[in-house]
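Chains as they are written, first to last, in the working numbering: chain G, 2 to 342; chain U, 2 to 342. Even glycine gets a Cβ: it sits at the ideal position worked out from N, Cα and C.
There are 2 protein chains.
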Amino acid sequence: MGDKPSGAKTMKDVAEAANVSVMTVSRAFKSDTSVSEATRLRIRKIADDLGYVFDSTAANLRTQKTNFVAVTIPSINNANFADTVDALSDRLAGAGMQVLLAYSGYDMAKEEELIEQLLRRRPEAIVVTGGRHSDRARRMLRNAGIPVVETWDLPADPIGHVVGFSNAATMHGMVDHLVAKGMTRIAFIGGDTDGDTRGADRRRGYIAAMQRHGLAAHRLIGAGKPPISMREGAAAMGRLLDTMPDTQAVICVSDLSAFGALSECQRRGVNVPGDIAIAGFGAYEIAGVCHPTITTIDPKPRLIGAQAAELILELLNGAGGETRGPTTIEIDWQLKAAETT
Amino acid sequence: MGDKPSGAKTMKDVAEAANVSVMTVSRAFKSDTSVSEATRLRIRKIADDLGYVFDSTAANLRTQKTNFVAVTIPSINNANFADTVDALSDRLAGAGMQVLLAYSGYDMAKEEELIEQLLRRRPEAIVVTGGRHSDRARRMLRNAGIPVVETWDLPADPIGHVVGFSNAATMHGMVDHLVAKGMTRIAFIGGDTDGDTRGADRRRGYIAAMQRHGLAAHRLIGAGKPPISMREGAAAMGRLLDTMPDTQAVICVSDLSAFGALSECQRRGVNVPGDIAIAGFGAYEIAGVCHPTITTIDPKPRLIGAQAAELILELLNGAGGETRGPTTIEIDWQLKAAETT
DNA sequence: TTTGCTTTTGGTATCGATAACATATCCCGA
DNA sequence: TCGGGATATGTTATCGATACCAAAAGCAAA
Numbered sequence: 002m003g004d005k006p007s008g009a010k011t012m013k014d015v016a017e018a019a020n021v022s023v024m025t026v027s028r029a030f031k032s033d034t035s036v037s038e039a040t041r042l043r044i045r046k047i048a049d050d051l052g053y054v055f056d057s058t059a060a061n062l063r064t065q066k067t068n069f070v071a072v073t074i075p076s077i078n079n080a081n082f083a084d085t086v087d088a089l090s091d092r093l094a095g096a097g098m099q100v101l102l103a104y105s106g107y108d109m110a111k112e113e114e115l116i117e118q119l120l121r122r123r124p125e126a127i128v129v130t131g132g133r134h135s136d137r138a139r140r141m142l143r144n145a146g147i148p149v150v151e152t153w154d155l156p157a158d159p160i161g162h163v164v165g166f167s168n169a170a171t172m173h174g175m176v177d178h179l180v181a182k183g184m185t186r187i188a189f190i191g192g193d194t195d196g197d198t199r200g201a202d203r204r205r206g207y208i209a210a211m212q213r214h215g216l217a218a219h220r221l222i223g224a225g226k227p228p229i230s231m232r233e234g235a236a237a238m239g240r241l242l243d244t245m246p247d248t249q250a251v252i253c254v255s256d257l258s259a260f261g262a263l264s265e266c267q268r269r270g271v272n273v274p275g276d277i278a279i280a281g282f283g284a285y286e287i288a289g290v291c292h293p294t295i296t297t298i299d300p301k302p303r304l305i306g307a308q309a310a311e312l313i314l315e316l317l318n319g320a321g322g323e324t325r326g327p328t329t330i331e332i333d334w335q336l337k338a339a340e341t342t
Numbered sequence: 002m003g004d005k006p007s008g009a010k011t012m013k014d015v016a017e018a019a020n021v022s023v024m025t026v027s028r029a030f031k032s033d034t035s036v037s038e039a040t041r042l043r044i045r046k047i048a049d050d051l052g053y054v055f056d057s058t059a060a061n062l063r064t065q066k067t068n069f070v071a072v073t074i075p076s077i078n079n080a081n082f083a084d085t086v087d088a089l090s091d092r093l094a095g096a097g098m099q100v101l102l103a104y105s106g107y108d109m110a111k112e113e114e115l116i117e118q119l120l121r122r123r124p125e126a127i128v129v130t131g132g133r134h135s136d137r138a139r140r141m142l143r144n145a146g147i148p149v150v151e152t153w154d155l156p157a158d159p160i161g162h163v164v165g166f167s168n169a170a171t172m173h174g175m176v177d178h179l180v181a182k183g184m185t186r187i188a189f190i191g192g193d194t195d196g197d198t199r200g201a202d203r204r205r206g207y208i209a210a211m212q213r214h215g216l217a218a219h220r221l222i223g224a225g226k227p228p229i230s231m232r233e234g235a236a237a238m239g240r241l242l243d244t245m246p247d248t249q250a251v252i253c254v255s256d257l258s259a260f261g262a263l264s265e266c267q268r269r270g271v272n273v274p275g276d277i278a279i280a281g282f283g284a285y286e287i288a289g290v291c292h293p294t295i296t297t298i299d300p301k302p303r304l305i306g307a308q309a310a311e312l313i314l315e316l317l318n319g320a321g322g323e324t325r326g327p328t329t330i331e332i333d334w335q336l337k338a339a340e341t342t
């Protein structure tokens, strides 16, 4: 059916074909308004035959609602963030909202630009990853007049709402775990810039935790520019084994680098955890599948997304409670001890 | 600066504050139009101080351009598709276009719904993953009046343009590789439904390739509902080892399941490739990092994205050549032999 | 048949930016 | 000094759907 893909059809075309007013067609496409069921079906049918597709851009302008929730993440190619977005998106889709996703490549200047682009699309709310942003980005978010949720972090000075956890605190947990196992010479493999602010927070957390135990925190291996890949993790492990062979354990900034490190050990015949223990972060699937399984920290990425979605829906629907103050939801991360430690 | 987040500012507010017409403000925000540099800067400054953010929804309606390219992928949590989207998105961002991403969860009915939702947003073009779609989805795409690109496949009856490769053909390549190594008892681990159509095509390709070599293709292990995870790959390998211990090689539907299979072997003390060879698909990073490295097929995900982007930009900009016929770009996948075979 | 209410349908202005056209301003050479 | 083309700014109508208000149609009870 449907004509050739000529000029796009509008409600007017449908209205004429159905011998009703445009307004009636409009009603036939909304569920809550009053049209007789007969006309609605007739109009729907005619619209379908004409190949009419509803035009949201017009509706968005008129109603001043886009049903978008904007989301920025550092990278699309990261299972942790993907899980968060997935959970967020699932929950929002149930409420008829769509996620408008953009990624910053771990670059704050890029993030600022993205935020501006996203706000131009007039999202109903915006979710950003991390708690550090450029001044202009912060200002734009603050002035946007929509709910702002920072995730994957516990910012000292939140812009709006927060669903996250302290990355530094997770490293205290991990160092405690290793010290309890009797280890004192503990290294850290991470990025050598602060591009990944959460990774940098974890590095700082490692240092603080070591100092709290009265241990030296000089075994820092820079694995490259974030994000650190498996391959970079492997290379960094090589350097660690070469330069500080007496290291008893190494904490990697993520499970991916941890797995790279583990593979490097296997390649060299270094026994894990016999010769050296390895820990990661993120509870990626690989940590529980590889042999031996990797001790890690589960930051509950899906929970972050689900909680952010719930919060947003509450804020948007709770017409009365608009004045509700900024909420901080702290996510209960979990240390998952496994075979590498 | 900026006032309290009161009602959103419009160009009118800026115009009044700057004592110019709305039109002049509009011009100050486009780069190609004629405004004196002095006024432009003055207006920009005032707009910034007011906390004004350009409203795309209005511009979209008036100009009938959204600068969106819609993209559907089966899952966001898949490094292959993430790479394609990343490359696509990078290239399009350079041309001022944004990607509107949606994922179908390997479900054709869901995909149909997504396509409708996406088309309502009036994208300039749409990129879908795979060459199989519901009838209604095909009809909507055909009537959309915008460039349609199917990827990651070579559909028999394309809707519009194609950037992909034959999933079945890759399995012929892989079986040939294993047979050349002297193996004849070759198994396949994949999904047990056709939800992942590309995975199903690979399974069919394996069967056809085996038959072409005069070999039995009965060693089919169903690992679960697609997508097959590492864990499911491991479980499937366990069943394969238990039930057909004389198997010489196994092809897995993806590197993730292949890695799971490899880990299961290591856990059981089965030597790879000594006792059994393992092959995957996708050239995920893990295939080149784990020990031993996994033989795989590189479908060049980033190339798919980049080529799709190029094609779209050509189609949209080539004002003259609108009548350009449907293009099919075949991607040159590559078999990467490694240590597991 | 008429009244009074509900249900269904129609007319008009509008959301905010911009294309198209009109007008004002400027600068330079004749 | 003035004409004429380039440059800078203003005015009006418009994109397509919908809020708001008005009116018509349907229906039950009087």
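Secondary structure at residue 125(G): coil, using DSSP grouped into helix, strand and coil. Within the DSSP secondary-structure output, residue 221(G) pairs in a beta bridge with 189(G). Nearest to residue 62(U) by alpha-carbon distance, out of 92(U), 124(U) and 227(U), is 124(U). Taking every protein chain shown into account, the CB of residue 22(G) has fewer than 16 other CB atoms within 10 angstroms, so this residue is exposed. When Cβ-Cβ separations below 8 Å define contact, residue 286(G) makes contact with chain U. About 6 Å separates the CB atoms of residue 166(U) and residue 331(U); that is less than 8 Å, so the two are in contact. 8 Å or more divides the Cβ of residue 222(G) from the Cβ of residue 172(G). A direct Cα-to-Cα measurement between residue 72(U) and residue 291(G) gives close to 33 Å.
Rounded to whole angstroms, the separation of the alpha carbons of residue 218(G) and residue 212(G) is 7 Å. In chain order, 10 and 15 place their CB closer than 6 Å to the CB of residue 53(G), counting only its own chain and leaving out the 5 sequence neighbours on each side. Using a Cβ-Cβ cut-off of 8 Å, residue 292(U) counts as an interface residue toward chain G, since at least one Cβ of chain G sits closer than that to its own. The C-alpha of residue 214(U) is placed about 30 Å away from the C-alpha of residue 329(U).
For the segment 43-77 of chain U, residues whose beta-carbon sits nearer than 7 Å to a beta-carbon of chain G comprise 52, 54, 55, 56, 57, 58, 59, 61, 62, 67 and 77. Interface annotation, residue 28(G): not in contact with chain U, CB-CB separation never under 8 Å. Residue 144(G) belongs to the set of residues whose beta carbon lies under 8 Å from a beta carbon in chain U. In this structure, residue 280(U) places its C-beta atom within 8 Å of the C-beta atom of residue 175(U). By alpha-carbon distance to residue 342(U), the top candidate from 180(U), 228(U), 207(U) and 269(U) is 180(U).
The DSSP-derived three-state label of residue 226(U) is coil. Contacts with chain U at 8 Å (Cβ-Cβ) do not include residue 23(G). A check of alpha carbon separations from residue 202(U) across 32(U), 334(U) and 133(U) identifies 133(U) as the nearest. Residues of the segment 210-239 of chain U that bring their beta carbon within less than 7 Å of a beta carbon in chain G comprise 230, 231, 232 and 235, in sequence order.
Scanning its chain for C-beta atoms nearer than 7 Å, with the 5 sequence neighbours on each side dropped, one finds around residue 199(U) the residues 131, 153, 154 and 168, in chain order.
Chain-order list of chain U residues neighbouring residue 84(G): 78, by C-beta distance under 7 Å. Assigned with DSSP and collapsed to three states, residue 286(G) falls in helix.
By the criterion of a C-beta distance shorter than 7 Å, residue 277(G) is surrounded in its chain by 248, 249, 250, 251, 266 and 271, once the five residues flanking it on both sides are discounted. Residues of chain U whose Cβ lies closer than 9 Å to the Cβ of residue 93(G) do not exist; the shortest such Cβ separation is about 12 Å. Just so you know, the alpha carbons of residue 275(U) and residue 338(U) end up roughly 15 Å apart.
The residue from 161(G), 45(G) and 99(G) with its alpha-carbon nearest to that of residue 326(G) is 161(G). Rounded to whole angstroms, the separation of the alpha carbons of residue 146(U) and residue 264(U) is 49 Å.
Partner residues in a beta bridge of residue 291(G), as assigned by DSSP, do not exist. Only residues of its own chain outside the window of five on either side were considered, and among them 74, 76 and 77 have a CB closer than 6 Å to the CB of residue 104(U), listed in chain order. When DSSP reads this structure, residue 162(G) sits in a beta bridge with 150(G). Contact annotation, residue 313(U) with residue 100(U): C-beta distance approximately 11 Å; criterion of less than 8 Å not satisfied. Residue 29(G): not part of any beta strand (DSSP E); member of the alpha helix (DSSP H) spanning 23-30, first to last residue. Taking CB atoms only, residue 256(G) has no neighbour in chain U less than 8 Å away.
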